[in-house]
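Sequences listed follow chains L and W, in order.
Numbered continuously in this note's numbering, the first sequence closes out at residue 259.
Numbered continuously in this note's numbering, the second sequence closes out at residue 568.
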Amino acid sequence: MQPLLEQACLDTLYMVGWSTLIAVVGGLPLGVLLVLTDKGGLLQNTFVNKVIGQVVNIARSMPFIILMVALMGFTRAVVGTTIGVEAAIVPLAVGAIPFFARLVETAVREVDHGLVEAVQSMGGNTWTVVRKVLVPESLPSLISATTTTIVALIGYSAMAGTVGAGGLGDIAIRYGYQRFESSLMWITVAVLAVVISLIQFAGDSGARVLHRRAGKGGEPLRFRAFTGLKRSGAPVTAEATATKTS
Amino acid sequence: MITTSGLTKVYRSRGREVTALDGVDLHVREGEVYGVIGQSGAGKSSLIRCVNLLERPTSGTVTVDGVDLTALAGRGTRAGKELRQARSRIGMVFQHFNLLSSRTVQDNVELPLEILGISGRERSRKALELLDLVGLSDKAKSYPAQLSGGQKQRVGIARALAGDPKVLLSDEATSALDPETTRSILQLLRDLNQQLGLTVLLITHEMDVVKTVCDSAALMERGQIVEAGTVGELLATPGSELAAALFPVSGEASGDDRTVVDLTFHGETATEPVISQLSRTYNIDISILGAAMDTVGGKQVGRMRIELPGRFEENVVPIGFLREQGLQVDVAGRADLTSGEPQLVKEGVAK
């Protein structure tokens with residue numbers, strides 16, 4: 014039973030890891046582009062904005078299991094097979110790109126326009142604005158967005174079992190649902206819960222450290238036991254919290 | 218140094234048109250501190266943002282240091298290479314500082330140098346030098362969130378100076394600061410103006426700012442400049458709202474048989490003790506009701522309200538004496554004295 018779970022954990026991490034990486038690489042530029050091409054943006058272009066927006070919306074509204082089936086041809090063209098872990102990564106990544114892009118869009122939109130103007134007044138071009146302002150300034154939110162995406166991908170990956178991809182979700186379905194071994198199912202559920210909590214906690218801590226540094230405050234960490242692990246961020250003075258309200 | 222001519226900015230949104238700038242002609246001389254004052258909505262902000270073309274003027278031209286920026290801008294909405302280069306030679310300071318919270322103070326100051334493509338070592342040398350200039354060398358590794366408002370604005374100023382600009386634009390730089398900090402930031406701007414020969418164009422809604430640092434000032438109302446000139450010129454202009462606001466005098470006559478006279482020192486008269494001379498020559502007692510005076514380069518600038526004993530008819534000669542000293546003399550009409558702020562009437566008209 015233990016090697017089975019170990020293998021399933023590794024499969025899940027493998028699928029989620031790769032698809033997250035691809036989602037970030039693909040979704041980040043897409044999300045930034047959504048902001049830039051929007052009305053009043055630096056690269057205002059209503060047509061491009063509408064097209065990207067529509068594509069993202071359609072992809073977002075498609076249930077993952079259907080997306081997986083619909084993409085079979087594409088998957089075979091990319092990885093040469095439609096079954097197994099590699100085959101699952103393709104639809105997972107394709108499904109996560111628009112999801113992440115929307116989260117990026119929201120995060121980047123939050124960046125104070127004054128900062129963009131400041132860089133423009135120094136003679137910076139649009140690329141400079143993206144590289145020096147939009148991405149670094151929204152980094153705490155982008156980390157949170159990545160966390161949300163990873164958690165969502167773990168959920169999606171449970172369905173990847175239907176294309177023989179293995180993973181924790183697959184075990185829960187095969188052993189728990191099809192073979193009535195509910196104990197094994199509950200174990201995988203527990204493992205999933207722990208994994209997700211850890212990822213969420215890691216993401217939250219990362220985002221919070223950056224938030225603190227940026228003087229945006231933030232609640233104290235919930236998992237007190239783990240605070241020792243946190244790199245002590247720059248101290249937030251009373252003055253800093255006072256000035257942020259101005 | 219900065220010249221705008223016929224500058225117009227019209228905002229269009231959903232069919233409505235709002236004219237923010239309505240034919241603004243501004244002329245800022247090299248090495249001076251020029252203040253544009255006006256209430257919110259007067260168009261000051263649009264004006265200063267049109268100077269480095271963060272805002273595209275609808276019509277008119279902007280020339281900074283002999284370069285016609287409006288010609289560089291072209292017709293597109295995006296800034297071309299030439300305009301971006303020109304912008305890098307114009308420093309800008311913002312009301313809300315606009316520092317990147319993800320970067321340390323030093324990295325914030327290095328940002329314009331990164332954009333200019335200057336090497337790492339040179340960047341940090343320059344940034345530390347600038348931080349030293351604004352008195353924040355010990356905060357180089359801090360994050361903006363750890364600084365007070367005044368310190369943040371000092372970083373903003375250091376950053377604006379990184380590209381060795383000849384012109385500094387200040388968009389309400391002190392409006393988010395308390396009076397004490399405002400003074401120290403204005404002092405810094407004044408020092409930089411004198412040490413580096415920096416031309417400063419600042420916009421503000423605070424008369425105190427203009428009074429503290431500006432060599433010249435302009436008053437904006439509804440998108441137009443209604444008054445402009447050096448502080449001396451403004452004082453010499455009869456009925457100048459700016460002069461009255463810059464050098465407010467008040468005080469009422471202590472009795473009916475008194476003459477209240479407003480004296481304006483344009484800065485052309487040397488610091489001769491006019492009042493005591495008047496007192497000795499004509500053997501009269503003079504009380505000073507109110508005064509707002511400054512001595513700039515050995516010349517007196519400002520306004521003073523004095524009271525002479527006796528009615529106006531008895532004081533024609535002393536008033537003539539004051540005229541001869543090169544002062545602008547206005548006699549307050551007696552009828553208006555009772556109604557709070559006395560309205561000034563030119564001497565000839567009053568009688």
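A virtual CB, placed ideally from N, CA and C, is assigned to each residue, including glycine.
Treat the numbers as computed from the prediction; the structure is a model and nothing was measured.
Using a CB distance below 9 Å, the part of the region 290-322 of chain W facing chain L consists of T294, R295, A296, K298, L300, R301, Q302, A303, R304, S305, R306, I307, G308, M309, F311, Q312, H313, F314, N315, L316, L317, S318, S319, R320, ordered along the chain.
Of all residues in the region 225-257 of chain W, none is placed with a Cβ closer than 8 Å to any Cβ belonging to chain L. For S134/L, a Cβ of chain W is located within less than 8 Å of the residue's own Cβ. Apart from sequence neighbours up to five positions away, the residues of its chain that approach V284/W with a beta-carbon distance below 7 Å are A303, ordered along the chain.
Only Q133, S134, M135, G136, G137, N138, T139, T141, K145, V146, P149, E150, L152 from the region 133-153 of chain L bring a Cβ to less than 8 Å from some Cβ of chain W. Fewer than three pairs of CB atoms, one per stretch, sit closer than 8 Å, so the region 160-178 of chain L makes no contact with the region 135-143 of chain L. Per the DSSP secondary-structure output, H244/W pairs in a beta bridge with T220/W. Taking 8 Å as the CB threshold, Y499/W stays off the interface with chain L. Not a single CB atom of chain W sits nearer than 8 Å to the CB of R221/L.
Look at A227/L here: in three-state DSSP terms it is coil, with no helix or strand label. Its chain contains S195, L197, M198, W199, T201 as the residues whose beta carbon lies nearer than 8 Å to that of G189/L, once the 5 sequence neighbours on both sides are disregarded; these appear in chain order. The beta carbon of P329/W sits closer than 7 Å to the beta carbons of S305, R376, A379, G380 from its chain, once the five residues preceding and following it are set aside; these are given in chain order. Of the residues E327/W, D473/W, L385/W, V427/W, the one whose Cα lies closest to the Cα of R400/W is V427/W.
R229/W and S32/L have their alpha carbons spaced roughly 45 Å apart. In the three-state scheme derived from DSSP, where H, G and I count as helix and E and B as strand, Y360/W is classed as coil.
Membership of E438/W in the beta strand (DSSP E) is indicated by the continuous run 433-438. Of all residues in the region 409-441 of chain W, none has a C-beta nearer than 7 Å to a C-beta of chain L. Taking 9 Å as the cut-off between beta carbons, the residues of the region 359-370 of chain W near chain L are S359, Y360, P361, A362, Q363, L364, S365, G366, K369, in sequence order. Interface flag for I332/W against chain L is set, since a Cβ pair is found closer than 8 Å. Beta-bridge partners of I254/W (DSSP): T421/W, L436/W. Taken through DSSP and simplified to helix, strand or coil, A296/W comes out as coil. Cα atoms of I332/W and G182/L: separation of roughly 49 Å, rounded to the nearest angstrom. Distance from the CA atom of V546/W to the CA atom of V253/W, rounded to whole angstroms, is 28 Å. Spanning the alpha carbons of T321/W and A227/L requires a straight line of approximately 10 Å. Listed by position along chain W, the residues whose Cβ is nearer than 8 Å to that of R226/L are S318, S319, Y360, A362.
By the Cβ criterion, the region 386-397 of chain W is in contact with the region 355-370 of chain W, since at least three pairs of Cβ atoms, one from each stretch, lie closer than 8 Å. In this structure, DSSP gives A445/W an extended state, which the three-state scheme calls strand. Judged by their CB atoms, V121/L and L84/L are not nearer to each other than the 8 Å cut-off. Counting along the chain, M85/L sits inside the alpha helix (DSSP H) bounded by residues 85-92.
For I265/W, the uninterrupted alpha helix (DSSP H) run begins and ends at 261-268, by DSSP. If only uninterrupted beta strand (DSSP E) runs of at least 3 residues are considered, those enclosed by the region 333-399 of chain W are 384-388.
For G127/L, a Cβ of chain W is located within less than 8 Å of the residue's own Cβ. Rounded to whole angstroms, the Cβ separation of T416/W and V235/W is 30 Å, and the two are not in contact under 8 Å. Considering only beta carbons, no part of the region 58-73 of chain L lies closer than 9 Å to chain W. Between the alpha carbons of G527/W and S496/W lies a gap of roughly 14 Å.
Within chain W, the residues whose beta carbon sits less than 7 Å from that of A131/L are F311, N315, listed in sequence order.
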